[in-house]
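Chemist: First residue of the sequence shown: 2, per my numbering; consecutive thereafter. Glycine is no exception: its CB is placed at the ideal position from the N, C-alpha and C atoms. Handing you this structure, nothing more for now.
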Amino acid sequence: MNKADPKPKLLTRRSVIAGIGAGATWALAPQPVLADTRARFGVAVHLEPFRNEPVFRELLIRHASLIAPMNALKWASLRHTKGEFDFGGADEIVNFAEQNGKRIHGHTLLWYGYNPVWVEQLSGERRVERELINHIETVVDRYKGRIETWDVVNEVVAHDPLDKGPWRKGIWHDYLGPRHVDIAFKTAAQVDPSARLFINDYDLEDDSPRTKARQEAILRIVQRLQDKNIPIHGVGLQAHLYAERRTGRENLVRFVERLKALGLEVAVTELDVIDWKLSADRERRDRGVADTANEFLEAITSAGTLRNITSWGLSDKYSWINETFPRKDSARARPLPFDENWQAKPLFDVIRKYTA
Ligand code: G3I
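Structure below.
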């Protein structure tokens, strides 16, 4: 799991089985080592446990290949006042990642939500555009050559495009229209041409009409940027999975294949499993969470290599899901690879199957 230094490339079990399945004789004969095409395992880092629970850092060092500040690079964390940038929290995490040979993912340069009040109070197209460009220039420049991938825009697609059209409303869209996405990607690319630039969104995993509409909206945004020669390199599927929903395997594979046909990388950026509808029994819940993730990861990896599979936190002790999807029995959510005592769960074994 820990790929701080590139390990010798391995002949993976999957590639051998695939070869045998395809009747290839090479799978049984001694073969040149093949690249391990599995994704890197990433972990989103929440400052509270990062600062207060040494076991979290130990597990990051041992298991993670990539680290993503969960909140520290958001406008709400960086920009308490209009003229200020507070990089304290982000620098703690970025410096730790660099000191331990981990790759770094930046989340996020533009989001409709969790902006400081002064941002929500901005008015006028030119002022809003100026603030957006200044923010992205300053943040991307600070971590130029250090943060290798960015969620340039997060959740710019409407929750339900079938209801209100493709675009998520918010300060950036309301003053700049669809251009807000163009400006964000163009600015990030100008500041750090080496960074890989992603669009990131949720509810892209099943095959409901709403999900299909969201997927189409993502594809249209990608093609819009490509038609304007504005750099975009990948799509992040957040993969906040629901244990009571099924992965729409055929639809998901087709979506990923269409993204790859456009030359894009694909990443799983915020994996966890919302277990609020599962039984109270811990073992059955942990099994259900693992099975839900396995169904999804088996499907999405069958469509090709993922850049990363990032877990949205590591321990059940710290998850946004408790507040957003509270269980009727008031039991704590169990969405992550490690439990509240930092012990590995079946979900961690599933993730290890699909990550290098
Ligand atoms: O740091 C302050 C702390 O000083 C203060 O005492 C406390 C009081 O409430 O708030 C703390 O900030 C909280 C922050 O998490 C750090 O814990 C914010 O209130 C809280 O809103 C924030 O929630 C985060 C949320 O995004 C909004 O930024 C969650 O941790 C984070 O998991 C969640 O992640 C999002 C992704 O960015 C985008 N995709 C969906 C995902 C889940 O909502």
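1. Rounded to a whole number of angstroms, what is the C-alpha to C-alpha distance between Val351 and Pro210?
2. Select from Thr356, Leu110, Phe297 the residue whose C-alpha is nearest the C-alpha of Tyr144.
3. Kindly confirm or deny that the stretch 301–321 and the stretch 45–56 touch, where touching means at least three C-beta pairs closer than 8 Å.
4. Just the Cα atoms here: how many angstroms apart are Leu198 and Arg328?
5. When DSSP labels each residue in this structure, what does Val153 get in the three-state scheme?
6. Whole-angstrom Cβ separation of Pro162 and Ala190, contact assumed at under 8 Å?
7. In terms of DSSP beta bridges, what is His241 paired with?
8. Could you name each continuous beta strand (DSSP E) segment of 3 residues or more that falls completely within the stretch 272–351, going from the start of the chain to the end?
9. In angstroms, rounded to a whole number, what distance separates the CA positions of His136 and Thr293?
10. Measuring alpha carbon to alpha carbon, tell me which of His106, Gly146, Phe86, Ile105 ends up nearest Pro117.
11. What are the boundary residues of the alpha helix (DSSP H) that includes Phe256?
12. So is the beta-carbon of Tyr115 under 7 Å away from any non-hydrogen atom of ligand 3?
13. Mapping the DSSP letters down to three states, classify Glu85 as helix, strand or coil.
14. Taking 7 Å as the cut-off, does the CB of Asn230 come closer than this to any heavy atom belonging to ligand 1?
15. Does the beta-carbon of Gln100 have 16 or more other beta-carbons within 10 angstroms, so that it is buried, or is it exposed?
16. How many angstroms separate the CA atom of Arg127 from the CA atom of Leu298?
17. Starting from Ile200, trace the beta strand (DSSP E) in both directions and tell me its first and last residue.
18. Go through its chain and collect everything with a Cβ distance to Arg225's Cβ below 8 Å, but skip five positions before and after it.
19. Got a sec? Which residues, its chain only, sit under 7 Å from Glu130 by beta carbon, not counting five neighbours each side?
20. I believe Trp173 touches Ala159 by the beta-carbon criterion, under 8 Å. Please report the beta-carbon distance rounded to the nearest angstrom.
21. Once DSSP output is grouped into helix, strand and coil, what is the label at Ile233?
22. Quick one: what does DSSP say Gly102 is sitting in, helix, strand or coil?
23. Less than 6 Å between C-beta atoms, sequence neighbours within five positions excluded: which residues of the same chain meet that for Leu348?
24. I'd like the list of long-range same chain contacts for Asp340, defined as Cβ closer than 6 Å, with 5 residues on each side in sequence excluded.
25. Could you tell me how far apart the beta carbons of Glu217 and Leu238 are, in whole angstroms, since I believe they sit closer than 8 Å?
26. Quick test of your reading: Ile282 and Arg335, contact by CB under 8 Å. State the CB separation rounded to the nearest angstrom.
27. So does Tyr243 have its beta carbon nearer than 7 Å to some heavy atom of ligand 1?
28. Please confirm whether Asp273 and Ser320 have their CB atoms less than 8 Å apart.
29. Return helix, strand or coil for Pro117, following the three-state DSSP convention.
30. Tell me the residue span of the alpha helix (DSSP H) that contains Val158.
31. Can you grab the Cα-Cα spacing for the pair Gly146 / Thr188, in whole Å?
32. Considering just the uninterrupted stretch of the alpha helix (DSSP H) at Ala189, what are its terminal residues?
Modeler: In short:
1. One-based indexing of the sequence shown puts residue 351 at position 350. One-based indexing of the sequence shown puts residue 210 at position 209. C-alpha separation (whole angstroms): 28 Å.
2. If you number the sequence shown from 1, residue 144 lands on position 143. The shortest C-alpha separation from Tyr144 is found at Leu110.
3. yes
4. Mapped onto the sequence shown, residue 198 falls at position 197. Mapped onto the sequence shown, residue 328 falls at position 327. Between Leu198 and Arg328, the C-alpha separation is close to 36 Å.
5. Working through the sequence shown from its first residue, we reach residue 153 at position 152. Of the three classes helix, strand and coil, the one that applies to Val153 here is strand, per DSSP.
6. The count along the sequence shown starts at 1 and reaches residue 162 at position 161. The count along the sequence shown starts at 1 and reaches residue 190 at position 189. Not quite, the Cβ-Cβ distance comes to about 26 Å (not below 8 Å), so this is no contact.
7. Within the sequence shown, the letter at position 240 stands for residue 241. In the DSSP output, where bridge partners are listed per residue, His241 has Asp273.
8. 309–312
9. The sequence position of residue 136 within the sequence shown is 135, counting from 1. The sequence position of residue 293 within the sequence shown is 292, counting from 1. Between His136 and Thr293, the C-alpha separation is close to 38 Å.
10. Residue 117 sits at position 116 when you count from the first residue of the sequence shown. If we check each option's Cα against that of Pro117, Phe86 comes out closest.
11. Here residue 256 is taken as the residue at index 255 of the sequence shown, counted from 1. First-last of the alpha helix (DSSP H) with Phe256: 250–262.
12. This structure lacks ligand 3; the ligands present are ligand 1.
13. Position 84 of the sequence shown, counted from the first residue, corresponds to residue 85. Correct three-state label for Glu85: coil.
14. As a working note, residue 230 is residue 229 in the sequence shown. No, since every heavy atom of ligand 1 falls outside the 7 Å radius drawn around the Cβ of Asn230.
15. One-based indexing of the sequence shown puts residue 100 at position 99. So Gln100 counts as exposed.
16. Counting from 1 along the sequence shown, the entry for residue 127 is found at position 126. Counting from 1 along the sequence shown, the entry for residue 298 is found at position 297. Looking at the two C-alpha atoms, the distance is approximately 43 Å.
17. Counting from one through the sequence shown, the residue named residue 200 turns up at place 199. Taken as a continuous stretch (DSSP letters only), the beta strand (DSSP E) holding Ile200 covers 197–202.
18. The residue given as residue 225 occupies position 224 in the sequence shown. Result list for Arg225: Pro179, Val182, Asp183, in chain order.
19. Numbered from 1 along the sequence shown, position 129 holds the residue referred to as residue 130. The residues are Leu177, Ile184.
20. Mapped onto the sequence shown, residue 173 falls at position 172. Mapped onto the sequence shown, residue 159 falls at position 158. With 8 Å as the limit, Trp173 and Ala159 do not qualify as a contact, their Cβ atoms being about 14 Å apart.
21. Locating residue 233 in the sequence shown gives position 232, counting from the first residue. DSSP places Ile233 in coil when its eight states are reduced to three.
22. Translated into positions along the sequence shown, residue 102 becomes position 101. In this structure, Gly102 counts as coil in the three-state DSSP scheme.
23. Taking the first residue of the sequence shown as position 1, residue 348 is located at position 347. Correct list, in chain order: Val290, Ala291, Ala294, Pro338.
24. To locate residue 340, count along the sequence shown from 1; it is residue 339. So the qualifying residues of the chain are Asp317, Lys346.
25. Taking the sequence shown and counting its residues from 1, one reaches residue 217 at position 216. Taking the sequence shown and counting its residues from 1, one reaches residue 238 at position 237. No, Glu217 and Leu238 are not in contact; Cβ-Cβ is about 15 Å, not under 8 Å.
26. Sequence index remark: in the sequence shown, residue 282 carries index 281 (1-based). Sequence index remark: in the sequence shown, residue 335 carries index 334 (1-based). The amino acid occupying residue 282 in the given sequence is Asp; Ile does not appear at that position. Contact flag wrong, Cβ pair sits at about 11 Å.
27. By one-based count along the sequence shown, residue 243 stands at place 242. Not under cutoff, so the answer is no.
28. Here residue 273 corresponds to residue number 272 of the sequence shown, with the count starting at 1. Here residue 320 corresponds to residue number 319 of the sequence shown, with the count starting at 1. Yes, the Cβ-Cβ distance between Asp273 and Ser320 is below 8 Å.
29. Mapped onto the sequence shown, residue 117 falls at position 116. Looking at Pro117 - three-state DSSP - the assignment turns out to be coil, as it is neither helix nor strand.
30. Residue numbering aside, residue 158 sits at position 157 when the sequence shown is read from its first letter. No alpha helix (DSSP H) contains Val158, which DSSP labels as neither H nor E.
31. By one-based count along the sequence shown, residue 146 stands at place 145. By one-based count along the sequence shown, residue 188 stands at place 187. Approximately 15 Å, taken between the alpha carbons.
32. If you number the sequence shown from 1, residue 189 lands on position 188. 180–192 is the span of the alpha helix (DSSP H), which, as asked, contains Ala189.
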